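Visitor: Take the sequence shown: its letters are residues -28 to -1, 1 to 333, numbered as in mature numbering (1 follows the signal peptide of the UniProt record, and there is no 0).
For glycine and all other residues, C-beta sits at the position ideal for the given N, C-alpha and C.
The model shown is predicted, which means the values in this text are computed figures rather than measured ones.
Below is a structure I'd like to ask you about.
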Amino acid sequence: MNRTLKRVLGLAGSAVLGLAGAVTFASAAQAHHVEIEGITECTPDGGWTVVWQVTDWNSQGDVVGEIETVTVDGEFNEGTEIVPGAVLPHPSTGDYLEGSQNFGADVTGASITIDAVWDNGNTNTSSAYVPAPEGGCEAEEPRPEGYVDVWTDCFGINVYAWNESEEALAEFTIETSDGFSETVTPAVGDDYYNYFEVTDPDAGLAVTILIDGELYDTFEWDDNPMCHYASVESDCENGLTFTLTVPADGDETTFYFWESLTETEQEVVVAPGETGTVNFPPAAEEFWVYYEIYNDKDFISGETPWYPCDVETPSESPSPKPELPKTGSSLTIMISSAAALIAAAGVIFFLMRRRRAAQDW
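Shown next as structure tokens:
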């Protein structure tokens, strides 16, 4: 090998050794440092968030590090743990300090710089940078929050439907087994209500509800035998008069009533084959009578309204008619075991409803 080539190779070898020495020196100097990890995620509004997680370096001794200063792009969200004075958890504990930040879609990245000091006198400045989520973020379309409330009574099916999100309204389609169909999109605060009366008890009745074109559920009318134990007459002079009848082959049955205006309570026990009567006199304003009918085998509860003759019945409530099976009044049917009836009998009745949320259609 000639002398010139030897000199070039010698210089090159010195350069490589010098670089390696510099890396080794830097590693030793940076033994005390802060471990920083940033986790990014898109947010529904089209922006993004980063969650910073911070720990001490993986030291083998008992030295403890503490944050002196923190510098970030923008600001931390409320509740951050990455603050001056916070002790850096050792990685072996599995703990970490955490803080999050939110950014708009126009921000391409975020950085953090932490100055720390250790109880053995060492100091360090550590930094980290994360780009916005790959591919960017787009705002999510607002999702409708539609709900329905359906219950069956002795004479038909009650249907409520409503929206709770003004940004996106759900569309409800209501179809009955006897041919009725309508589609509504109620505004927030303007609930939809309809009562579907059973015109042919032998044929029964079913109501199917679709939300935004997708099937939500189908509700069947339930003709409970105890529905025939009571009938009601409603007129201007006498108010509401209930006639209570228990079949000769039936069981001793208790009829409990509670009137909403005066909170008057009445309870009548009717033996098999006998008849009883309960009256609630007219008043200057409308009232409702809530009632329970139960024996050792069954239980139903419900309500029926009375309106003064000079006040037009609200359109959303069916008008009372002479016979209870034809009023269209709201009578919630609830069937329970004999054991449950004992507890139910002692409680002042409030109309039981089965609320069902339709958020996952």
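(1) Taking Cβ to Cβ, would you say residue 195 is nearer than 9 Å to residue 170?
(2) With a threshold of 6 Å on Cβ separation, who are the neighbours of residue 37 within its own chain once the five nearest residues in sequence on each side are excluded?
(3) Answer yes or no: does any C-beta atom of chain B fall closer than 9 Å to that of residue 238?
(4) Is the CB-CB distance between residue 105 and residue 9 below 9 Å?
(5) Would you kindly check if the distance between the Cβ of residue 199 and the Cβ of residue 127 is under 9 Å?
(6) Based on Cα-Cα distance, which residue from 3, 238, 187 and 44 lies nearest to residue 213?
(7) Considering only residues of the same chain and omitting the five flanking positions on each side of residue 240, which have a CB-CB separation below 7 Å?
(8) Only counting runs of 3 or more residues, tell me where the beta strand (DSSP E) segments fall wholly within the segment 194 to 225, in order along the chain.
(9) Tell me the residue span of the beta strand (DSSP E) that contains residue 252.
(10) What does a CB cutoff of less than 8 Å around residue 338 pick up in its chain, not counting 5 residues either side in sequence?
(11) Just verifying my parser: in three-state terms, what is the DSSP assignment at residue 273?
(12) Cutting at 6 Å between CB atoms, please list the residues of its own chain near residue 192, excluding the five before and the five after it.
(13) Determine the burial state of residue 334: buried for a count of at least 16 other Cβ atoms within 10 Å of its Cβ, exposed for fewer.
(14) Inspect the beta-carbon positions of residue 146 and residue 139 and report whether they are closer than 9 Å.
(15) Go through its chain and collect everything with a Cβ distance to residue 30's Cβ below 6 Å, but skip five positions before and after it.
(16) Alpha carbon to alpha carbon, how far is residue 51 from residue 71? Give it in angstroms, no decimals.
(17) Nearest to residue 258 by CA position, among 68, 271, 264 and 278, is which residue?
(18) Could you tell me the distance, in whole angstroms, from the CA atom of residue 95 to the CA atom of residue 108?
(19) In terms of residue numbering, what span does the beta strand (DSSP E) encompassing residue 103 cover?
(20) Output needed for residue 43: all residues of its chain with C-beta closer than 6 Å, excluding positions within five of it in sequence on either side, in chain order.
(21) Under three-state DSSP, which class holds residue 65?
Guide: In brief:
(1) yes
(2) 28, 60, 88 and 90
(3) Looking at the structure shown, chain B is missing, and only one protein chain is on hand.
(4) No, the Cβ-Cβ distance between residue 105 and residue 9 is not below 9 Å.
(5) Yes, the Cβ-Cβ distance between residue 127 and residue 199 is below 9 Å.
(6) The residue from 3, 238, 187 and 44 with its alpha-carbon nearest to that of residue 213 is 238.
(7) 216, 227, 248 and 250
(8) For the segment 194 to 225, whole beta strand (DSSP E) runs of length 3 or above, ordered along the chain, are 202 to 207 and 211 to 217.
(9) 247 to 252
(10) Only positions -28 to 333 of the chain appear in the structure, and residue 338 is not among them; the question remains open.
(11) strand
(12) 178
(13) Summary: the structure shown does not reach residue 334, with the chain confined to residues -28 through 333, and so no result is reported for it.
(14) no
(15) 63
(16) Taking the straight line joining both Cα atoms gives about 7 Å.
(17) 278
(18) 37 Å
(19) Start and end: 95 to 103.
(20) Non-local beta-carbon contacts of residue 43 in its own chain, meaning distances under 6 Å to residues more than five positions away in sequence, involve 85 in chain order.
(21) helix
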